[in-house]
Amino acid sequence: MHARKEHCILPRMTTTPVFDAELLRRHPQYGPRYTSYPTAPQFHEAFGERELRLHAERSNADLIPRPISLYVHVPYCFSPCFYCGCNRIITRDLQKGEFYLERLLREISMVAPLFARDREVMQVHFGGGTPNFLSPTQLGQILDSMGRHFHFSDSPTRDFSIEIDPRHVSPGDIAKLAQLGLNRASLGVQDFNPDVQQAVNRVQSIEQTLAVIDACHDSGMRSVNVDLIYGLPQQTLEGFAETLATIIKAQPGRLAIYGYAHMPSLFRAQKQISEEQLPDTEMRLALLALAVERLTGAGYQYIGMDHFALPDDDLAIAQTAGSLQRNFMGYTTHAACDLVGLGVSAISHIDESYSQNPRDLAGWEVALDEGRLPVFRGMSLDFDDTLRADIIQQLMCQAEIDIEEIERRYEIDFNSYFSGARERLAKLVEDGLVEITATHIVATSKGRYLLRIIAMCFDNYLTSPNSHGDSPRFSKAV
Amino acid sequence: MSSYTPSSRAARVAANDGDDLHFCSTCTFSSVCSERGYDKSRLRDLHVLVEHIGPFREGQHIFREGDRFNSIAGVRAGTVKTYITDRNGREQVLGFFLPGEVIGLNAISQSRYPCNAIALDEVLLCNFSFSKMSELAASMPGLQQQLFRLMSEDIGKATLLAGDHTADERMAAFLILMSRRYASPDMPARRFRLTMPRTDIANFLRLAAETVSRILKRFQTDGLVRVERRDVELLDTTRLMEIASNVLRN
Ligand code: SF4
């Protein structure tokens, strides 16, 4: 899909985003996060191994086949964080990691032959769960196997990253991970306040966390990302301000501020969180406003969605150059990769298709044991899907749509093709979130914090403009 | 399963199908008749010979080596690849046929097809029974000439890359030639989609698939072309022509 389009070296995003709480309050809709379009609920089980193989073959047939991006899902966690919406399994039994590793290696050896040998791996990402549930040695075995079955790029710009739970890693481990070639780390922090940490069952000291950040910097990793969450139970402005100050002092190159989405019917762990302890909408907005204010005040640049970066970080540079990309792993600087997901529940994006591994461990294991590719659902994108995915990608990354470029690339008349979207956009234009000229649709400085609401106008699967208004399938846009 | 996203009209629009009185828009013979001002009844005489066949699906054979030759076929939509299999069972790609081009011409001098023809995507054909065609050609000199022209072009295409040329020369020549063949009134040939997979292009040019990509990447860095997936844009035709000049001279 053209969600992964070529670079376009034009200075963009010159408007500084303006955080307008009043506007955000008027758009409290729910919406998808658009790490993919169409979004995962559109995947279906008629898409299986055969379709996946066809798409892989087609992806090899390109004149210059895309590089490859590998995602490895490690589902295990030592204890349950109550806010968690991830696919994870709680255990302290390290033996499970060993069994999981075995099957992962099998999956790697089965999946790799689908791809032409000369396709370079530009990106590797370990996500979870808790990737560091596995030891550096075990992670090394995975990297080793991937390196043998795929063709790792030796470019200095390759990104090999890992999500780390700072509670279960030592500075010595970090050095080992760096030695394995991992050059970016992402740390879960959420909030340092002890009451909040109690309420979400994730107690993690400042010292522990800062030691890990330092170890990442010392071992030569190119960047450290820290995840914070607003909207958690017991959260206060004072507490969150302290968390922000502590983190800013540690100077991670990247920061993500996620909004907590309370959907206990979907994520069982969240039943442990009592609704009364949750901040209300006003408070959520105040927390977000605080984060935006403190981060921009400290020199962080707003990238889009939930992400901030220091101006000398690759993400900020790519954003300025207009070459930013977005995929299941969030924002990235790597153009047009085919994404190969490994492990339980992992999602792949190969050629014009999405596919997903079984979300239950048993389903994934059985498929591998029977020698099948473990794909349980997915979808092939048609012309309309691809076109809209491209537009949403442009919005999420450049905060604007180049109408002429889209018309040239897809040979459509933009205004007639998107008459429905134009109607939905009208309201956002009125609110000053969007400006439409003859050649561009641009998110205004205020609209930059509501990109997903603008993107929803182009989502063909949210048919009527209001039907998604209170859909609990998606997390809150704010 | 969805097809590869169409971004060029040529890839998306099949031939205008014609009717009892009109030829398909891609028909290589229609101009012969129209130019001569043949009346409709005469056109109908010729059209009687024409039988639309297909669609053939990706990977489906149209004819195989050794099959009895009885017709040539104009491609109305899609891409056809011809190939033979050598003694070691290795495939050798002989050529590609685009809408408006004719397959089976290399069988005219024989009674059997000397190669295999396979559809690379969804292919629609116009079958011309060759015996009836030659009858008609006897009374229609324009048709006769058109047939001769097509046959010699066909031979030219096949021998073009036979010489001792460098990989760069072959690649550049291939791009130039394909851009000419993809040219049509409503689509400038500076931008076109190569509908064949890179392994087939590589095989046709007698190069490794990796080499095809490596050369194209280099051409791209040097500002000669822009490549996205299977789409090609020629940015510097003059320099490409220079590189290809050894091949194109013949
Ligand atoms: S938030 Fe992360 S560490 Fe906590 S339970 Fe979920 S996946 Fe595990």
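These protein sequence lines map, in sequence, to chains A and B.
Read the first sequence against this note's numbering and you will find it ends at 485, with the numbers running on by one and no gaps.
Read the second sequence against this note's numbering and you will find it ends at 251, with the numbers running on by one and no gaps.
Glycine included, C-beta positions come from ideal geometry on N, C-alpha and C.
task = Please classify isoleucine 85 (chain B): is it buried, with 16 or more other beta-carbons within 10 angstroms of its beta-carbon, or exposed?
result = By the neighbour-count rule (16 or more Cβ atoms within 10 Å), isoleucine 85 (chain B) is not buried but exposed.
query = Which class does glutamine 403 (chain A) belong to by DSSP, given the choice of helix, strand or coil?
reply = Sequence inspection shows methionine at residue 403 (chain A); the glutamine mentioned does not correspond to that position. It is helical.
inquiry  = Just verifying my parser: in three-state terms, what is the DSSP assignment at isoleucine 280 (chain A)?
reply    = Here isoleucine 280 (chain A) sits in coil by DSSP.
message = What does the alpha-carbon distance come out to for the pair methionine 141 (chain B) and glycine 105 (chain B)?
response = Per the coordinates, the alpha-carbon of methionine 141 (chain B) lies some 21 angstroms from the alpha-carbon of glycine 105 (chain B).
request  = Select from the region 317 to 351 of chain A all residues with a C-beta closer than 7 angstroms to any C-beta belonging to chain B, and list them in chain order.
outcome  = Across the region 317 to 351 of chain A, no CB contact with chain B closer than 7 angstroms is found for any residue.
request  = Starting from the Cα of proline 201 (chain A), find the closest Cα among A:Leu194, A:Ser193, A:Val210 and give me that residue.
outcome  = That would be A:Val210, whose Cα lies nearest to the Cα of proline 201 (chain A).
request  = Starting from the beta carbon of serine 153 (chain B), find every residue of chain A whose beta carbon is closer than 7 angstroms, and list them in chain order.
outcome  = The premise fails here: serine 153 (chain B) is roughly 30 angstroms from chain A at the closest Cβ pair, so nothing lies under 7 angstroms.
task = Assess, as a yes-or-no matter, whether the region 238 to 247 of chain B is touched by the region 162 to 175 of chain B under the definition of 3 or more beta carbon pairs within less than 8 angstroms.
result = Cβ pair count under 8 angstroms is three or more, so yes.
ask   = Are proline 259 (chain A) and isoleucine 220 (chain A) closer than 8 angstroms when you measure CB to CB?
value = Closer than 8 angstroms, so yes.
message = Considering only heavy atoms of the ligand SF4, does any lie closer than 7 angstroms to the CB of proline 87 (chain A)?
response = The answer is yes for proline 87 (chain A).
task = Could you confirm whether any beta carbon from chain B is found closer than 8 angstroms to the beta carbon of alanine 406 (chain A)?
result = Answer no: the Cβ-Cβ gap between alanine 406 (chain A) and chain B never drops below 8 angstroms.
inquiry  = With three or more C-beta pairs closer than 8 angstroms as the rule, is the region 66 to 86 of chain A touching the region 98 to 108 of chain A?
reply    = Output reads yes: the region 66 to 86 of chain A touches the region 98 to 108 of chain A.
query = Going along the chain, which residues of its own chain have a beta-carbon closer than 6 angstroms to the beta-carbon of phenylalanine 159 (chain A), five neighbours each way excluded?
reply = Scanning its chain for C-beta atoms nearer than 6 angstroms, with the 5 sequence neighbours on each side dropped, one finds around phenylalanine 159 (chain A) the residues Val128, in chain order.
query = Excluding the five sequence neighbours on either side, which residues of its own chain have a C-beta within less than 6 angstroms of the C-beta of aspartate 87 (chain B), listed in chain order?
reply = Counting only Cβ-Cβ distances below 6 angstroms, and skipping sequence neighbours, we find Gln93.
inquiry  = Based on DSSP bridge pairs, tell me the residues matched to threonine 164 (chain A).
reply    = According to DSSP, threonine 164 (chain A) bridges with nothing at all.
message = The alpha helix (DSSP H) that contains threonine 253 (chain A), what's its start and end?
response = Start and end: 244 to 257.
key: methionine 463 (chain A) in three-state terms, based on DSSP   = Looking at methionine 463 (chain A) - three-state DSSP - the assignment turns out to be helix.
request  = Kindly list, in the order they appear in chain B, the residues whose Cβ is closer than 7 angstroms to that of aspartate 180 (chain A).
outcome  = Going along chain B, no residue has its Cβ under 7 angstroms from aspartate 180 (chain A), so there is no contact; the nearest lies around 38 angstroms.
inquiry  = Ignoring anything shorter than 4 residues, give me the alpha helix (DSSP H) runs that lie fully in the region 142 to 197 of chain A, in order along the chain.
reply    = Within the region 142 to 197 of chain A, the complete alpha helix (DSSP H) runs of at least 4 residues are 143 to 156, 178 to 186.
ask   = What are the start and end residues of the alpha helix (DSSP H) that includes arginine 415 (chain A)?
value = It spans 410 to 417 - the alpha helix (DSSP H) in which arginine 415 (chain A) sits, taken as one unbroken run.
message = Determine, for lysine 218 (chain B), whether the minimum Cβ-Cβ distance to residues of chain A falls below 8 angstroms.
response = Lysine 218 (chain B) counts as touching chain A.
task = Would you please verify whether the beta carbon of alanine 47 (chain A) is less than 8 angstroms from any beta carbon of chain B?
result = No, no contact with chain B.
query = the region 68 to 80 of chain A: which residues have C-beta closer than 9 angstroms to a C-beta of chain B, in chain order?
reply = So the list reads Ala68, Asp69, Leu70, Ile71, Pro72, Arg73, given in the order they occur along the chain.
request  = Output the boundary residues of the alpha helix (DSSP H) element that contains glycine 370 (chain A).
outcome  = From DSSP, the alpha helix (DSSP H) with glycine 370 (chain A) extends over 368 to 376.
key: Per-residue DSSP class, three states only, for lysine 82 (chain B)   = Note: lysine 82 (chain B) maps to strand in three-state DSSP.
request  = Have a look at proline 381 (chain A) and serine 66 (chain A) and give me their C-alpha separation to the nearest angstrom.
outcome  = C-alpha separation (whole angstroms): 19 angstroms.
task = Kindly examine the ligand SF4 and report whether one of its heavy atoms sits closer than 7 angstroms to the Cβ of threonine 137 (chain A).
result = Result yes, Cβ under 7 angstroms from the ligand SF4.
task = My understanding is that leucine 121 (chain B) touches valine 76 (chain B), with C-beta atoms under 8 angstroms, so please give their C-beta distance in whole angstroms.
result = At roughly 11 angstroms, the Cβ-Cβ gap does not stay under 8 angstroms, so leucine 121 (chain B) and valine 76 (chain B) are not in contact.
Amino acids of chain B, ordered along the chain, whose beta-carbon sits closer than 7 angstroms to that of aspartate 125 (chain A) = Simply Glu211, Ser214.
key: Rounded straight-line distance, which links the Cα of glutamate 234 (chain B) to that of glutamine 147 (chain B)   = If I take the Cα positions, the gap works out to 31 angstroms.
request  = Would you list, in sequence order, the uninterrupted alpha helix (DSSP H) runs of no fewer than 4 residues that lie entirely inside the region 308 to 368 of chain A?
outcome  = List check, alpha helix (DSSP H) in window: 321 to 328.
query = Quick one: what's got a C-beta closer than 8 angstroms to serine 214 (chain B)'s C-beta in the same chain, skipping five residues either side?
reply = Leaving aside the five residues that flank serine 214 (chain B) on each side, the residues in its chain whose CB is nearer than 8 angstroms to its CB run, in chain order, Arg199.
inquiry  = Please state the DSSP three-state secondary structure of glycine 101 (chain B).
reply    = For glycine 101 (chain B), the secondary structure class from DSSP, reduced to helix, strand or coil, is coil.
query = Are the region 459 to 466 of chain A and the region 37 to 54 of chain A in contact at 8 angstroms, needing three or more beta carbon pairs?
reply = Using a C-beta cut-off of 8 angstroms, the region 459 to 466 of chain A makes contact with the region 37 to 54 of chain A, since at least three inter-stretch Cβ pairs fall below that distance.
ask   = Can we count glycine 266 (chain A) as close to the ligand SF4, meaning its CB is less than 7 angstroms from some heavy atom?
value = Look at glycine 266 (chain A): its beta carbon is at least 7 angstroms from all of the heavy atoms in the ligand SF4.
query = Is the shortest distance between the beta-carbon of arginine 58 (chain B) and the beta-carbons of chain A less than 8 angstroms?
reply = Answer no: the Cβ-Cβ gap between arginine 58 (chain B) and chain A never drops below 8 angstroms.
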